[in-house]
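Okay, structure first, notes after.
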Amino acid sequence: MPLIVFVFGTLLGSFLCLAGDRYCPRNSFFARCQQFCRPPSHCLTCHHLLRWYDLLPLLSFIWLKGRCRYCRQRITLKLLIMEAGCGSVCLLLYWLHPDPIQLTAVIFFSSLLFLLATIDMRLLLLPDELVFALLWSGLLLGDYFSLADTQTRILGACSGYLALFFLNALYCAWRKTEGIGGGDMKLLAAIGAWCGWQILPSVVVIAAVLTLFVLCCQRRIIAGLQENIPLPFGCYLAVAGWICFVLNNLVNYPPAL
308 MPLIVFVFGT
318 LLGSFLCLAG
328 DRYCPRNSFF
338 ARCQQFCRPP
348 SHCLTCHHLL
358 RWYDLLPLLS
368 FIWLKGRCRY
378 CRQRITLKLL
388 IMEAGCGSVC
398 LLLYWLHPDP
408 IQLTAVIFFS
418 SLLFLLATID
428 MRLLLLPDEL
438 VFALLWSGLL
448 LGDYFSLADT
458 QTRILGACSG
468 YLALFFLNAL
478 YCAWRKTEGI
488 GGGDMKLLAA
498 IGAWCGWQIL
508 PSVVVIAAVL
518 TLFVLCCQRR
528 IIAGLQENIP
538 LPFGCYLAVA
548 GWICFVLNNL
558 VNYPPAL
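In structure tokens form, the structure reads like this:
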């Protein structure tokens, strides 16, 4: 079973990487769904269509030594990292939640957070359809997998949105400009809908620390970085939300070793 979970995780990682790279907010909802399978997978350099054996997660990359079979150009390491990372994450979630229903739910939660993080990192955008899917799945289905009860999760959704809303209002009054996007507010609400209100302060603190760390690294590496450059705070909220979700499960229901 662990091997099956890992293989599934690598396939999921490959799909999520493709979905994050192909997402285009200007397209209609139907067109955004179509773009996951059209055009077929191809080399970004020579545009040659890839066969099924060129798309085997991890194995194809290792067998081809990280190069395209047809033009021999290097394949980005991002795909290898995503596939191996998602496979490892699914193994961790299986260790925490061996029950199939709970495992399916937490993989769904993790996948949406991962997809939102990659899209926000690339486009500075958190698509409403993905955020609302995360929020309503937490509210409606949380009784089957969440450690928090329904009332706590509803309070988490409301307090998550309102906390960043009022924080942004204070920032606007001070700096006369928006500091936090509406997508970030909805994302924190969605995390609260899954995990309850109690972990939200930890999520915000960890996300802020991650943001400051990345910003400091950028300033040291990139000379002349603009002062008001926008940052994908939703990406760090997603990472922080997943970390807090996993740690909360480890503390409350430690798995048997």
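Numbering of the sequence shown is given in this note's numbering, commencing with residue 308 and proceeding in unit increments. Idealized CB from N, CA, C, for every residue including glycine. Note that this is a predicted model, so its numbers are computed, not measured.
DSSP state of L432 mapped onto helix, strand, coil: coil
Run the CB neighbour count on P364, radius 10 Å, all protein chains shown included, and call it buried at 16 or more, exposed below. buried
For R527, list the residues DSSP reports as bridge partners. In DSSP, R527 forms no bridge with anything.
Taking three-plus beta-carbon pairs below 8 Å as touching, is the region 426-433 in contact with the region 478-487? no
Would you decide whether E436 is buried or exposed? Buried here means 16 or more other CB atoms lie within 10 Å of its CB. exposed
Residue range of the alpha helix (DSSP H) that includes S535: Sequence inspection shows Asn at residue 535; the Ser mentioned does not correspond to that position. Per DSSP, N535 belongs to no alpha helix (DSSP H) and is neither H nor E.
V512 versus A545, R379, T352, residue with shortest Cα-Cα distance: A545
Going by CA-CA distance only, name the one from L442, L538, C502, C393 that's closest to L323. C393
Among residues of its own chain, excluding the 5 on either side of M389, which ones have a beta-carbon nearer than 6 Å to its beta-carbon? G320, C324
Return the first residue and the last residue of the alpha helix (DSSP H) that Q458 is part of. 457-482
With a floor of 4 residues, list each alpha helix (DSSP H) that falls wholly inside the region 311-390, ordered by position along the chain. 336-341, 366-370
Which class does P405 belong to by DSSP, given the choice of helix, strand or coil? coil
Reduced DSSP category for M285 - H, G, I as helix; E, B as strand; rest coil: Nothing can be reported for residue 285: it is not among the residues displayed for the chain, which extend from 308 to 564.
What's the C-alpha gap between L362 and T411? 24 Å
Measure the C-alpha to C-alpha separation of H355 and T383 and round it to an integer number of angstroms. 16 Å
Nonlocal neighbours in the same chain, by C-beta distance under 6 Å from A514, ignoring five residues either side: Y543, L544, A547
Cutoff 8 Å; reference L399; Cβ partners in own chain excluding five residues on either side: V553
Specify whether the region 455-470 and the region 497-505 touch according to this definition: at least 3 beta carbon pairs, one from each stretch, less than 8 Å apart. yes
Excluding the 5 residues preceding and the 5 following N475 in the sequence, name in chain order all residues of the same chain whose CB lies nearer than 7 Å to its CB. E485, G486, I487
Check each candidate in F368, Y451, K385, T317 and name the one with the smallest Cα separation from D406. Y451
For R460, does the count of other Cβ atoms within 10 angstroms reach 16, so buried, or fall short, so exposed? buried
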